[in-house]
Ligand code: SF4
Ligand code: SF4
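In the working numbering, the protein residues as written are -11 to 400.
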């Protein structure tokens, strides 16, 4: 067997058989990233290295174009951090151009009734995950705690690390978090029946198509490249668009939420809030520039002084690294795992580029996210005013579920 197997039931990836030259690049990529030659965790990295374009994401954007002209629904969209630093590549901008406002403008022009920011969802994940980490540290149970926002990693862990299932965080991913909030908090606020909302997640990721097929709130997932296809098909001149702001209530994200798009970003974000929860004071300045966790290295580790305790932290890229370091995992308290090289900025739904330029391009996308965090006055998820309001008026009243239902994952 020279190629990866793509089953007909795969909701994330498909193969156009006429284009396949049986070169074996997809299998090589899968072996190098994930360490196996069968099964599929839907990361889609094979799409980025297939030389003939035979492997593609399962496209959903045409269904959305149909909903956008159906007046019986309100079609809303949530946008992941990594899309705004890559969408420009489709329209001749330099990689790493930060085009958040133009992206929002394009989505409004396409007819989306509301444009919300998944960075708000990332802030919610930070709040819940930091609290969960502090509780586990106090009880000394289910450590190390693994992050759970990458669905391809969660799939891998369920299949290949069954003994560690209860170590996964029970938090929903940022898309899962904000999806639940749109269909409850926002629906109640705007007095819209939830079944009249069609919710679309715009992401750099094809594995999210699988995650959301099992999610009751997110109806469709489209990738960065699918957004570019929609913009072109609707004859929108992206370069001439004036920047617009996100819609309020679920439209504000912190710098911590934004860096979720890059490997090490979830860790940096969670540590800021965990420090605050442990000590009731803001983390020292060096927590806002944890260079040790940044970049594409497959295994990054450090012991972080949290004042009340020392936290042993690892940041992992690619599941094969987990396989290689399996014996070391119990030496840590917190482990972030992202399937794609460099994290979500290197997701399989991002613009295609020459393979030999991809490392450099991912570095530019990542730099743009960190630059924005650096310039943002709002750096902590717990300081986000929309997050505070959501907790006070809704979440603390128990009106929404932000943790996973999957019984395997809530053993703890
Ligand atoms: S990389 Fe593309 S062309 Fe090569 S075997 Fe895989 S699907 Fe076929
Ligand atoms: S690292 Fe990000 S883009 Fe890649 S599979 Fe995981 S969630 Fe998707």
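We put the CB at the ideal spot given by N, CA and C, even for glycine. Remember, it's a predicted structure, so these values are computed and weren't measured experimentally.
Nearest by alpha-carbon distance to residue 259: which of 315, 36 and 367 is it? 367
* To do: With DSSP as the reference, label residue 180 as helix, strand or coil.
  => coil
Between residue 322 and residue 290, what straight-line distance do the alpha-carbon atoms span, to the nearest angstrom? 11 angstroms
Spell out a yes or no on whether the stretch 324 to 335 and the stretch 243 to 259 are touching, meaning 3 or more CB-CB pairs, one atom from each, closer than 8 angstroms. yes
Practice item. Pick helix, strand or coil for residue 13, following the three-state DSSP scheme. Key: helix
Q. DSSP on residue 131, reduced to helix/strand/coil?
A. coil
(Q) Less than 6 angstroms separating the Cβ of residue 31 from some heavy atom of ligand 1? (A) no
**OP:** Taking 7 angstroms as the cut-off, decide whether the C-beta atoms of residue 209 and residue 196 are in contact.
**Re:** yes
task: May I ask you to check if the CB of residue 40 is nearer than 6 angstroms to at least one heavy atom of ligand 2?
output: no
Notebook entry, point to check: Taking the C-alpha atoms as reference points, what is the distance between residue 79 and residue 375?
Noted result: 34 angstroms
Q. What three-state label does DSSP hand residue 67 in the structure shown?
A. strand
Discussion item. Following a CB-centred definition, is residue 392 positioned closer than 6 angstroms to any heavy atom of ligand 1?
Written reply: no
Would the stretch 292 to 309 and the stretch 176 to 192 be scored as touching if the rule is three or more Cβ pairs under 8 angstroms?
no
>> Between the alpha carbons of residue 204 and residue 238, how many angstroms are there, rounded?
In response: 19 angstroms
Buried versus exposed call for residue 398 [16 or more other C-beta atoms within 10 Å across all chains shown]: For residue 398, the pLDDT reaches just 39, beneath the cut-off of 50, and the residue's location in the model is therefore unreliable, although a value from the coordinates is still provided. Classification of residue 398: exposed, given that the 10 Å Cβ count is below 16.
Should the stretch 125 to 138 be called in touch with the stretch 79 to 98, which here means at least 3 C-beta pairs below 8 angstroms? no
For this session: Give the straight-line distance between the Cα atoms of residue 121 and residue 85, rounded to the nearest whole angstrom.
Result: 34 angstroms
| message | Based on DSSP bridge pairs, tell me the residues matched to residue 293. | response | 298
**Asked** Residue range of the alpha helix (DSSP H) that residue 376 falls in?
**Response** 373 to 381
Could you spell out where the beta strand (DSSP E) holding residue 2 opens and where it closes? 1 to 3
* Top-ranked residue by Cα proximity to residue 29, from 370, 193 and 302 -> 193
According to the Cβ coordinates, are residue 218 and residue 89 closer than 7 angstroms? no
TODO: On a CA-only basis, which of 55, 131 and 41 is nearest residue 207? Give me that one, please.
DONE: 55
Beta-carbon within less than 6 angstroms of residue 381's beta-carbon, same chain only, minus the 5 sequence neighbours each way: which residues are those? none
Spatial neighbours of residue 371 in its chain, beta-carbon cut-off 8 angstroms, leaving aside the 5 residues before and after
242
ask   = Going by DSSP, which residues form a beta bridge with residue 288?
value = 303
For ligand 2, I want to know if residue 351 counts as a neighbour, meaning its beta carbon is within less than 6 angstroms of at least one of the ligand's heavy atoms.
no
Within a Cβ cutoff of 6 angstroms, which residues of the same chain sit near residue 267, ignoring the five residues on either side of it in sequence? 295
In this structure, how does DSSP classify residue 419 when only helix, strand and coil are distinguished?
With the chain running from -11 to 400 in the structure shown, residue 419 is simply not present.
So, at 6 angstroms on beta carbons, what are the nonlocal neighbours of residue 389 in its own chain, with the 5 sequence-adjacent residues on each side left out?
none
CB-CB under 8 angstroms to residue 92, same chain, minus the five flanking residues each way: which ones, in chain order? 67, 103, 231, 232, 233 and 234
Classify residue 157: buried if its beta carbon has 16 or more other beta carbons within 10 angstroms, exposed otherwise.
buried
Run the proximity test for residue 36: is its beta-carbon closer than 6 angstroms to any non-hydrogen atom belonging to ligand 1? no
### Query
What residue range is occupied by the uninterrupted beta strand (DSSP E) comprising residue 102?
102 to 105
Using the rule of at least 16 other Cβ atoms within 10 Å of the residue's Cβ for burial, across every protein chain shown, is residue 65 buried or exposed? buried
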